[in-house]
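Residue numbers (my numbering): 796 to 907. A short worksheet on the structure shown next.
Take a look at the structure:
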């Protein structure tokens, strides 16, 4: 597999402004074209890799959002249950206290 890591050196397609004779112009132009094609391929591979990474990150974000929605729903249900237990505890404590007072009053009245 070819090295597809980007670097400035790999993306240089034109390497000078020297005068080129008519005989060498075609070879220079071919060299430039080949280097430009290689640079384009490296850039295309880098863009595809970035696209794949972005897609994976977007998928992960959707999964995390779903997890957070489930946690929020569970937390809401837990809060409702906790509030119900607290209310039951208050009602039961009040009932126990009233029953205890009623028993105490009944004992006091029976002792008279």
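Glycine included, every Cβ here is placed at the ideal spot set by N, Cα and C.
Is residue 811 helix, strand or coil by DSSP?
Of the three classes helix, strand and coil, the one that applies to residue 811 here is coil, per DSSP.
Which of helix, strand or coil does DSSP assign to residue 830?
In the structure shown, residue 830 sits in a helix (DSSP, three-state: H, G or I).
Which class does residue 874 belong to by DSSP, given the choice of helix, strand or coil?
Reduced to three states, the DSSP call for residue 874 is helix.
Using the Cα positions of residue 841 and residue 870, report the straight-line distance between them to the nearest angstrom.
Cα-Cα distance, rounded: 43 Å.
Would you say residue 837 and residue 806 are within 8 Å of each other, going by their C-beta atoms?
In this structure, residue 806 lies closer than 8 Å to residue 837 by Cβ.
How far does the alpha helix (DSSP H) with residue 806 in it extend, from its first residue to its last?
It spans 803–806 - the alpha helix (DSSP H) in which residue 806 sits, taken as one unbroken run.
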